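The numbering of the sequence shown is this note's numbering, which starts it at 1 and goes up by one.
All C-beta atoms in this analysis are idealised placements derived from N, C-alpha and C, irrespective of residue type, glycine included.
Since we're looking at a predicted model, the values are computed, not measured.
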Amino acid sequence: MTYTENLQHELAGPGSPDVRSDGDQRPERPRDASWDDLRRLFALEPGVVHLNTGTVGVLPHAVEDEYDRVTRQWAGGLVDVYRPTMFTEYRAAIAGSYGVDGDEIVISHNATEAVARVINGLDLHAGDEAVVTTHECYSVLSNLNLVRNRHGLVLKVLTPPSGHRATAEEIVALFEQAITPRTKVFAFSAISLWTGTMMPLRALCQLAQRHGISTVVDGALISGMLEESLRASGADFIACSGSKYQCGPLGSGILYVRNKVFPEYNPLPLPTLWPVISTWYPMIGSPPPRSGTSVESYDIGDYLQSAGSANIARGAALAKACQLWDEIGRDRIERRVMELGDHARERVLDRFGEQAMYSPVTDPGLRSPLIAFNPFREPADHWNVKKISALTDRLAAEHRIWVRWTEFDVPHSPHQHYAARISPHIFNDVEEIDQAVARIAAVAEELA
Ligand SMILES: Cc1ncc(COP(=O)(O)O)c(C=O)c1O
1 MTYTENLQHE LAGPGSPDVR SDGDQRPERP RDASWDDLRR LFALEPGVVH
51 LNTGTVGVLP HAVEDEYDRV TRQWAGGLVD VYRPTMFTEY RAAIAGSYGV
101 DGDEIVISHN ATEAVARVIN GLDLHAGDEA VVTTHECYSV LSNLNLVRNR
151 HGLVLKVLTP PSGHRATAEE IVALFEQAIT PRTKVFAFSA ISLWTGTMMP
201 LRALCQLAQR HGISTVVDGA LISGMLEESL RASGADFIAC SGSKYQCGPL
251 GSGILYVRNK VFPEYNPLPL PTLWPVISTW YPMIGSPPPR SGTSVESYDI
301 GDYLQSAGSA NIARGAALAK ACQLWDEIGR DRIERRVMEL GDHARERVLD
351 RFGEQAMYSP VTDPGLRSPL IAFNPFREPA DHWNVKKISA LTDRLAAEHR
401 IWVRWTEFDV PHSPHQHYAA RISPHIFNDV EEIDQAVARI AAVAEELA
């Protein structure tokens, strides 16, 4: 059975309530299938409302099957483990899904490994400066701190505005004010995992370009959510998770490395990157000079990908998840996820009001489908970690609703603030969001 046949079989398979004897209602293609039909493609835990794709998504059955198939295929041993673990075909296929080329893509173990390889591979020296925010993932902050301790990098750490009235202009202005002649790097997430802020990615990359600064983007949350090509952002590096919105296997990530110059997106020369962890970097001598045109001078993806034996099933299953997303339609997925995010934002505002909201609302460019808010009426409870963690624990244990709590700095506040975060995906629906918001309100009342 071909992949598409398999998918059609799953969509309209035996026992499916949508299969009619005349077959007329069968979705011809995933692109035409309803969201209710598509929900059946996922290995959802029965009885659970999973609203935590910002941490990990749900595997489609087809991805699970591909992982098992490829594992079985190689189980008896391999003549050569190293050639397939370059993932050449899978990288080319995934690159196509993300609007780039295979030489610009590396299949990594996760977003953390991808960002660590970049931060540790940049050509940074004592006194060089990096601009970063307190709203980054530990993976970014801990690796930058390592480079500070090891090489004397200077970190300028900003706390961006969050909440209802945050604007892109304020965020861009903060970064601009932090630039000095020694600034070499901007490091920031495309979507903040703590507040759900969609950072002004293109504007920050353009600002960096005007000052000759490299951009390291933590794109853990945008892969599988946004349709736009990775190249179009103008970033030098984007580290993505494979297992969140892309719904690939755990332990998978996608690293985009700019490997040629498309002046319409980023006219700067390619930044030096030392491919730490490599069995492809030459053992004697140096790689060729990097390209200054839209044609690569070598495949930097190979340098980063080739790093000893690897799990082939991981690459195959990630490529399958990307193929499934293409078949459903990445434009369609982005629209649906944003709609569910808008619904969640409205419900949260109705129920808890503007002062509860840590995700931006009034600036449409900063809105993402991740909604972070504090449901407790007492302002001091916004910095009460025990209450917010008790709330998410009880939601999971008593109501089987999965959300997470987050912690982050707020400008001019002496305290860390805490929020509950809802992150819907295409296997969710508005009823689940309404149910979650109502339960959060009830549990918050009980804990107040
Ligand atoms: C913004 C962001 N960056 C990085 C990570 C780490 O991702 P991974 O588990 O793929 O390394 C996360 C995980 O939640 C995240 O939300």
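Please report how far the alpha carbon of residue i lies from the alpha carbon of residue j, in whole angstroms.
i	j	result
D429	R40	13 Å
S252	P379	39 Å
H164	G365	13 Å
A356	T134	20 Å
D80	D299	21 Å
Q416	E407	6 Å
S97	W74	26 Å
L218	P84	Here the sequence assigns Asp to residue 218, which means Leu is not the residue at that position. Distance between the alpha carbons of D218 and P84 is about 27 Å.
A33	R332	11 Å
L78	G308	14 Å
E346	C247	26 Å
C322	H412	42 Å
A114	L250	14 Å
V49	P60	16 Å
Y82	G76	16 Å
T195	P282	43 Å
A130	F175	11 Å
A317	E334	21 Å
I94	T88	10 Å
Specify the secondary structure class of residue i as computed by DSSP and reduced to three states.
i	result
W194	coil
R439	helix
T406	strand
Q323	helix
Q416	strand
R421	strand
V261	coil
S233	helix
H151	helix
A307	coil
I277	coil
V81	coil
I179	coil
H125	coil
Taking Cβ positions, are residue i and residue j nearer each other than 9 Å?
i	j	result
W280	Y303	yes
W405	A419	yes
T197	I171	yes
S215	V257	One detail in the question is off: residue 215 reads as Thr in this sequence, not Ser. Contact flag unset, no.
V106	Q305	yes
D363	T159	no
G212	L124	no
A144	A187	Residue identity check: residue 144 is Leu in the sequence provided, not Ala. Yes, they are a contact pair.
A235	L270	no
Y358	A344	no
L349	I422	no
A313	Y67	yes
I433	L38	no
E136	N259	no
A62	S241	no
R117	L204	no
A457	R351	No statement about residue 457 is possible, as the shown extent of the chain runs from 1 to 448 and does not include it.
S233	Y265	yes
S162	S142	no
A220	P360	no
E327	R29	yes
Starting from the C-beta of residue i, find all residues in its chain whose C-beta is less than 7 Å away, skip the five residues before and the five after it, and write them out in chain order.
i	result
A444	P375, F376, L391
A396	W402
R20	Residue confidence for R20 is low, a pLDDT of 34 falling below 50, so the modelled location carries little weight and cannot support an answer.
A168	P200, A203, D363, G365, L366
Is any non-hydrogen atom of ligand 2 found closer than 8 Å to the C-beta of residue i, if you look at the structure I gave you?
i	result
Q246	This structure does not include ligand 2; its bound ligands are ligand 1.
Report the partner residues of residue i according to the DSSP bridge assignment.
i	result
M338	The partner list for M338 (beta bridge, DSSP) is empty, contrary to what the question assumes.
A239	D218, L255
M357	F373
P60	F42
A130	L155, V185
S108	G253
Just to confirm my understanding: we take residue i, look at its own chain, exclude 5 residues before and 5 after, and list those with CB closer than 8 Å. What are they?
i	result
M86	D302, Q305, S306
G121	L273, W274, P275, V276
V337	M225, Y245, P369, P424, H425, I426
S229	Y98, G99, V100
V154	G127, D128, E129, A130, R148, R182
T293	K260, V261
V70	I312, A313, A316, A317
Between which residues of its own chain and residue i is the CB-CB distance below 6 Å, once the five residues before and five after are set aside?
i	result
H382	N374, H417
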